[in-house]
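Have a look at the structure below before the remarks.
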Amino acid sequence: MKVLDARSVSKFDELCACLAEQVISSGFKPDIVVGIARGGSYVVTSMTLLGGLPQVHVKAQRAGTKVKTKLKLEKIVSLFPSWFANTVRILEVYYREFSFLLKGRSAEQREAIIVDGHFEFNDSANSILIVDDAVDSGSTMVTVESLVREVFPQADIKVAAICTTFRNPICQVDYVLYKRAIVKFPWSLDS
16 MKVLDARSVS KFDELCACLA EQVISSGFKP DIVVGIARGG SYVVTSMTLL GGLPQVHVKA
76 QRAGTKVKTK LKLEKIVSLF PSWFANTVRI LEVYYREFSF LLKGRSAEQR EAIIVDGHFE
136 FNDSANSILI VDDAVDSGST MVTVESLVRE VFPQADIKVA AICTTFRNPI CQVDYVLYKR
196 AIVKFPWSLD S
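Throughout, the numbering used here is defined as the position within the sequence shown, counted from one, plus 15.
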């Protein structure tokens, strides 16, 4: 598994432009772009090639993110050399993926809430792009896609992410720059 560094704003913006180009070159033209807060919202904002499209930002995060934030692990991990921090991150992904497989690859229950933007002003949307920074198990994406599907049952929904970490997430990621990789973003807890 690769660990890539996109902590600089210029590198992050470069990755977002590449992801936007992948979407555009496929011919998919979304009517709405949905960013999954926190990381996916940053990606959507940076995807300037898709500028001018209505944006909706949705929050649905796994419990593990709250635990890492509460324990202030980012401060502890940032004290170690990068090779050690990278190894810890890789081991975390392997552990979480193994646990996910033991649980039968079922989506964790999460609640998705809209934190910015409105779907009701875009009720004629036929194509929707859901964006996140990284897809692990795919549980968050499944939750957000279900929310979008409730409002737009007939819409063509596509998923984009800068990276996927798990071998086989439970959702299809239509546009991805790096498979089976960890990308350190400017907001990563160990940045």
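The beta-carbon is built from N, C-alpha and C at its ideal position, and this holds for glycine as well.
Inter-residue Cα distance where the pair is residue i and residue j
i           : j           : result
residue 161 : residue 52  : 16 angstroms
residue 62  : residue 28  : 8 angstroms
residue 179 : residue 16  : 11 angstroms
residue 99  : residue 25  : 25 angstroms
residue 67  : residue 117 : 43 angstroms
residue 184 : residue 154 : 8 angstroms
residue 42  : residue 142 : 12 angstroms
residue 95  : residue 156 : 32 angstroms
residue 121 : residue 151 : 13 angstroms
residue 207 : residue 119 : Look at the range of the chain in this structure, 16 to 206, and you will see that residue 207 is not part of it.
residue 54  : residue 168 : 26 angstroms
residue 115 : residue 59  : 28 angstroms
residue 112 : residue 182 : 8 angstroms
residue 109 : residue 196 : 12 angstroms
residue 144 : residue 106 : 31 angstroms
residue 172 : residue 188 : 11 angstroms
residue 97  : residue 140 : 44 angstroms
Coil, strand or helix - residue i by DSSP
i           : result
residue 42  : coil
residue 100 : helix
residue 65  : helix
residue 95  : coil
residue 75  : coil
residue 53  : coil
residue 82  : Below a pLDDT of 50, predicted positions are generally treated as unreliable, and residue 82, at 49, falls in that range; the measurement from the model is reported next regardless. Residue 82: helix per DSSP, three-state reduction.
Residue i vs residue j beta-carbon contact at 8 angstroms
i           : j           : result
residue 48  : residue 146 : yes
residue 190 : residue 37  : yes
residue 166 : residue 127 : no
residue 64  : residue 35  : yes
residue 130 : residue 174 : no
residue 170 : residue 149 : no
residue 101 : residue 18  : yes
residue 132 : residue 69  : yes
Residues bridged to residue i (per DSSP)
i           : result
residue 190 : 175
residue 70  : 48
residue 199 : 20
Interface flag, residue i vs chain D, CB-CB below 8 angstroms
i          : result
residue 34 : Given the protein chain composition of this structure (a single chain), no chain D is represented.
Suppose only complete runs of 4+ residues qualify. What are the alpha helix (DSSP H) ranges in the region 119 to 188, listed by chain order? 154 to 166
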